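From first to last, the protein sequence lines are chains A and B.
First residue of the first sequence? That's 107 in the numbering used here, and the numbers climb one at a time after it.
First residue of the second sequence? That's 987 in the numbering used here, and the numbers climb one at a time after it.
Quick reminder that beta carbons are idealized off the backbone N, C-alpha and C, glycines included.
None of the values given here were measured: they were computed from a predicted structure.
Shown next, in structure tokens, is the structure this report addresses.
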Amino acid sequence: MDHEKLHRLVGAVKSGRLSRRGFVRRLAAVGLTAPMATQILALAGAAPAAAQAPSGYTPTRAGGGGPLKILYWQGATLLNPHFAVGTKDQDGSRLFYEPLAGWAPDGTLVPFLAAEIPSVENGGLAQDGRSVTWTLRRDVKWHDGEQFSADDVIFNHEYATNPATASVTIGTYRDVKVEKVDDFTVRVHFDKPTPFWAEAFVGTRGMIIPRHKFRDFVGDKSRDAPTNLSPVGTSAYRFTEFKPGDIVKGERNPGYYLASRPYFDTVEVKGGGDAVSAARAVLQTGEWDYAWNLQVEDEILKRLEAAGRGRVNIVDTGNIEFIQLQNTDPWTEVEGERGSVKSRHPTLTDPAVREALNLLVDRKAIQDFIYGRTGIATANYVNNPPRFRSPNTSFEFNIAKANEILDRGGWTRGAGGIRAKDGRQLKFVFQTSINAPRQKTQAIIKQACQRAGIELELKSVTASVFFSSDVANPDTYTKFFADMQMYTTTMSQPDPQIFMEAFVSWEASTRENKWQGRNITRWRSEEYDRTWRAATAELDPIKRAALLIQCNDLVIQNRVVIPVVARPLVSASSRTLRDSLSGWDNTFWNLRDWFRDRQS
Amino acid sequence: MLQYFARRLMVAIPSLLGISVVLFTVLALAPGDPFEELATNPAIPPEVRENLRTQFGLDDPVHIRYLRWLLAMLQGDWGYSFVSRVNVDDLILQRLPTTILIIGSSQILALLIALPVGIMAARRPYSVFDQVANTLAFIGFSLPTFFTGLLLILLFSIALDWLPFVYRADIDATGWRWWWEHLRQSIMPVLVLGLFQGAALTRFVRSAMLDVIRLDYVTTARSKGLPERTVINRHVVRNALIPVVTLMALQVPAVFGGAIVTEQIFRVPGIGSLLISAVLANDTPVIMAVTFVLSVLVVLCNLLADIIYGWLDPRISYR
Chain A
107 MDHEKLHRLV
117 GAVKSGRLSR
127 RGFVRRLAAV
137 GLTAPMATQI
147 LALAGAAPAA
157 AQAPSGYTPT
167 RAGGGGPLKI
177 LYWQGATLLN
187 PHFAVGTKDQ
197 DGSRLFYEPL
207 AGWAPDGTLV
217 PFLAAEIPSV
227 ENGGLAQDGR
237 SVTWTLRRDV
247 KWHDGEQFSA
257 DDVIFNHEYA
267 TNPATASVTI
277 GTYRDVKVEK
287 VDDFTVRVHF
297 DKPTPFWAEA
307 FVGTRGMIIP
317 RHKFRDFVGD
327 KSRDAPTNLS
337 PVGTSAYRFT
347 EFKPGDIVKG
357 ERNPGYYLAS
367 RPYFDTVEVK
377 GGGDAVSAAR
387 AVLQTGEWDY
397 AWNLQVEDEI
407 LKRLEAAGRG
417 RVNIVDTGNI
427 EFIQLQNTDP
437 WTEVEGERGS
447 VKSRHPTLTD
457 PAVREALNLL
467 VDRKAIQDFI
477 YGRTGIATAN
487 YVNNPPRFRS
497 PNTSFEFNIA
507 KANEILDRGG
517 WTRGAGGIRA
527 KDGRQLKFVF
537 QTSINAPRQK
547 TQAIIKQACQ
557 RAGIELELKS
567 VTASVFFSSD
577 VANPDTYTKF
587 FADMQMYTTT
597 MSQPDPQIFM
607 EAFVSWEAST
617 RENKWQGRNI
627 TRWRSEEYDR
637 TWRAATAELD
647 PIKRAALLIQ
657 CNDLVIQNRV
667 VIPVVARPLV
677 SASSRTLRDS
687 LSGWDNTFWN
697 LRDWFRDRQS
Chain B
987 MLQYFARRLM
997 VAIPSLLGIS
1007 VVLFTVLALA
1017 PGDPFEELAT
1027 NPAIPPEVRE
1037 NLRTQFGLDD
1047 PVHIRYLRWL
1057 LAMLQGDWGY
1067 SFVSRVNVDD
1077 LILQRLPTTI
1087 LIIGSSQILA
1097 LLIALPVGIM
1107 AARRPYSVFD
1117 QVANTLAFIG
1127 FSLPTFFTGL
1137 LLILLFSIAL
1147 DWLPFVYRAD
1157 IDATGWRWWW
1167 EHLRQSIMPV
1177 LVLGLFQGAA
1187 LTRFVRSAML
1197 DVIRLDYVTT
1207 ARSKGLPERT
1217 VINRHVVRNA
1227 LIPVVTLMAL
1237 QVPAVFGGAI
1247 VTEQIFRVPG
1257 IGSLLISAVL
1267 ANDTPVIMAV
1277 TFVLSVLVVL
1287 CNLLADIIYG
1297 WLDPRISYR
């Protein structure tokens, strides 16, 4: 992608010489999708940032909506956002706490406790990318009536960065410095130019807790704070009851700072049970209004949906189910370490083999017969937001071509039809966690490989072992003592920088770092390292997007991984519920805009 | 008697200690750790996980962790949940009333079914009534609770739309409506557990009755000219109930076990669902506490059974 030309075009739109539609059409001509083009405009400041969430909130007065009943098949276990390990806990906290800004479904920011989104134009973003200044709303009161101010924001930074607090948000806050400019202005300082500045105080890990309630409970004493279990936040609903793992209840906050919000009088989140029966309670019996995270086969969802009482929501995310190909040798020990970075995989490092494997994954069939609407076949590792989706990749399923490539690469069929070269057979161990769709996918791939003379030995590991960080267990995914493995990785921010860190050479997962390095395939490429580094320092959003797309392309073209399906978020809502969901933030990120449409 | 009781309690202590050692070791050896979700989230640095592990003392050797747990337990400190960071005893106390309510009602239901049906069946063995009761009882205890639970949901919630299948411990209603809502949501879980228990008990009551009804003293009572009702109620049932009571006491832990599955199906916020979610989250202190409470129950129920046995049958002496 030629970014200079793009800049000229954006400039033309800004000065009015080119219409926005004309811009989109020009980009479409070079193969860029319309949403990507619009997002490029937004990035370059030529379009208004999403000022309000695109939810179509219509009620004209607050309250009167009755109860909102939500089912989670895993109930929230704690309500302090700084301790919230999983989505369920973050969501539970988000009922009552708000960040400065949240992420809309298209990956743009929506202000919550902030008065506006910082930008270069409004002076919020420093030109050198080393600081960002947030102006806060002045009309925000905590649920107990105290005034919200910059001190609360500063306090959250202190609270999270104290190692004795043992907060899970420490990673978000420890590398930034926070300065109080005045009572309603806060400046976040970075020690180097930071193009992706919207992490601290934003989204899932950015919820703000009240200083006056937690002041005496920093560090070692953090566990004793009574407010851990009875939150006092700023959101549209205030806390009434909590039983860990079972139920969280709230009622309408009459002092909420937005007019005519929220709509419902009470909100109740019930935990426990299983995903299928949760889907049933919403879609089939209509007893409940919303069911979270339905990891249920699409066929079952379709059947339940046929009852006509509710609908299934599919929300785009960056999560992806993908196959990793091994680079080091997992079967021989080098200096007492399997999969040592000093070794090379004897057969999988041949590009011809990787190319063939890529052709043997029938993504279309996997989507059609296994995942349905809940897994979209893709050629890219980064799929969303659209501005980072590479237009340069494609996938196909072609056994004949795979055979041809292997023939050309000198891999000849031997005993039992298995290909070999220099006495080394194409036999691979393919591991994944135990999960019905994954085992089906494994079987589909194994069949195709067989027809190309590659033998796969399928291995499935209990999820609790596979995904554990247990250093003593050889079957964890971070150790990757196999030739191929498949799982889903989540992209928690609408920016691929951290996501793509999983391929830089210094992150290789080894014994030295107790297999906690994020580069699990142990692939090392100087070109990739250089490109990723350049992206992390590039302040120009368009150039940076181009660099990150190049990162994706390097990973795909070198067949470091084989993407299978992109995994959207799946949930269910009753027919009358108008929810507002985003794949980049918590389920309740915009709960203030949820309402019931009596007409439909 | 008191001496016997004291001695039995003393014997119970080493067995409880043994149980706790086994539980703790098994849990420590089991794979997985409570910070799985942290491990798969790229935005959380690994040091956070390390930090939490040290803070929760997970990196110490097993025997040290066990001793620490035991000492705290002896002082009445049950530890706190890794996941919710709430004290374990609070969590258990929060869940206990619901479980006791459901299990209590289902035991009562089981008795209400088993006693009359078992007695009636034994009075006329191999009659039509007996055959039917036997067959139903057989079906009843052959069907696992998770299956009957799903069947009931399909029938009453989905096909007929009469009953809710999501149990809510606190209902926003007062007075009659509150009772009515509670009754409506408890019917299915209580029915599932009660029928399962009832079926097994029915067969047991029947065979205990049959054992007694053939004895000479019953014939004597009959030949004395006592009315049939008196013979059955005063002479047969009383004696036949001795083993039944023992069985009930011994089955209490089994009922708790069965309730785990049932609670999960109906989302009843009881001990069982607490245990399941703790197991799924590898929340060791909670698993340890709940299983330990269950094993204490087993030991105590055994003791209770022995004591009741002697009380019902004075021929048994305690030495």
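Taking the straight line between their C-alpha atoms, what separation do you get for residue 158 (chain A) and residue 1090 (chain B)? Residue placement at residue 158 (chain A) cannot be trusted, given a pLDDT of 47 that sits under 50; what the coordinates show is reported in the next sentence. In a straight line, the C-alpha of residue 158 (chain A) is about 53 angstroms away from that of residue 1090 (chain B).
For residue 1271 (chain B) and residue 1181 (chain B), what's the separation of their Cα atoms in angstroms? 33 angstroms
Closest by CA to residue 443 (chain A), which one among A:192, A:587 and A:681? A:587
Beta carbon of residue 569 (chain A), beta carbon of residue 540 (chain A): below 8 angstroms? yes
Could you say which of A:401, A:537 and A:118 lies nearest to residue 476 (chain A) if we only look at CA atoms? A:401
In or out: residue 1203 (chain B) buried (at least 16 other Cβ within 10 Å) or exposed? exposed
Should residue 681 (chain A) and residue 479 (chain A) be called a contact, given that it needs their Cβ atoms to be closer than 8 angstroms? no
Can you find a CB in chain B that lies within less than 8 angstroms of the CB of residue 184 (chain A)? yes
For a cutoff of 8 angstroms on Cβ pairs, would you count residue 1279 (chain B) as touching chain A? no
Which residues in chain B have a C-beta closer than 7 angstroms to the C-beta of residue 622 (chain A)? List them in chain order. 1032
If you measure beta-carbon to beta-carbon, which residues of the segment 341-375 of chain A are closer than 9 angstroms to chain B? 347, 349, 350, 351, 352, 353, 355, 372 and 374
Nearest candidate by alpha-carbon position, reference residue 1088 (chain B), set B:1295, B:1174, B:1293 and B:1261: B:1174
Which stretch, first to last residue, makes up the alpha helix (DSSP H) that contains residue 306 (chain A)? It is not in any alpha helix (DSSP H) - residue 306 (chain A) carries neither H nor E in the DSSP assignment.
What does the Cβ neighbour count give for residue 999 (chain B), buried or exposed, with the cut at 16 atoms within 10 Å? exposed
Applying the criterion that 16 or more other CB atoms from any shown protein chain within 10 Å of the CB defines a buried residue, is residue 585 (chain A) buried or exposed? buried
Short-range partners of chain B found in the segment 508-530 of chain A, where Cβ spacing is below 9 angstroms: none
Helix, strand or coil: which one does DSSP assign to residue 349 (chain A)? strand
Neighbour list for residue 652 (chain A) in chain B, Cβ cutoff strictly below 7 angstroms: Here the premise fails: no neighbours, minimum Cβ distance about 22 angstroms.
Specify, as a first and last residue, the run of the alpha helix (DSSP H) that residue 288 (chain A) falls within. That residue, residue 288 (chain A), is in no alpha helix (DSSP H); its beta strand (DSSP E) goes 282-288.
Looking only at C-alpha atoms, which of B:1004, B:1104 and B:1005 sits nearest to residue 1222 (chain B)? B:1104
Mapping the DSSP letters down to three states, classify residue 242 (chain A) as helix, strand or coil. strand
Quick one: give me the first and last residue of the beta strand (DSSP E) that residue 419 (chain A) is part of. 416-421
Just to confirm, does residue 574 (chain A) get its C-beta within under 7 angstroms of one of the non-hydrogen atoms of the ligand PLP? Ligands are entirely absent from the displayed structure, and the ligand PLP is therefore not among its contents.
Using a Cβ-Cβ distance cut-off of 8 angstroms, determine whether residue 1010 (chain B) contacts chain A. no
Any residues in the segment 1088-1100 of chain B with a beta carbon nearer than 7 angstroms to a beta carbon of chain A? Which ones, in chain order? none
By Cβ distance below 7 angstroms, which residues in the same chain neighbour residue 1176 (chain B) in space, the five residues on each side in sequence not counted? 1088, 1091, 1092 and 1095
Proximity to residue 1009 (chain B) [Cα-Cα], best of B:1278, B:1078 and B:1163: B:1278
Rounding to the nearest angstrom, what Cα-Cα distance links residue 528 (chain A) and residue 454 (chain A) in this structure? 14 angstroms
Name the chain B residues that come within less than 7 angstroms of residue 393 (chain A), Cβ to Cβ? 1150 and 1152
Min CB distance residue 1294 (chain B) to chain A below 8 angstroms: no
With residue 427 (chain A) as the anchor, note down where its beta strand (DSSP E) starts and where it stops. 426-431
For residue 598 (chain A), count neighbouring C-beta atoms within 10 Å of its own C-beta (all shown protein chains included) and say buried if the count is 16 or more, exposed if not. buried
DSSP on residue 1270 (chain B), reduced to helix/strand/coil? helix
DSSP three-state assignment for residue 219 (chain A), whether helix, strand or coil: coil
Burial state of residue 224 (chain A), where buried means 16 or more other Cβ atoms lie within 10 Å: buried
Give the residues of chain A in contact with residue 1021 (chain B), contact being defined as C-beta atoms less than 8 angstroms apart. 191 and 575
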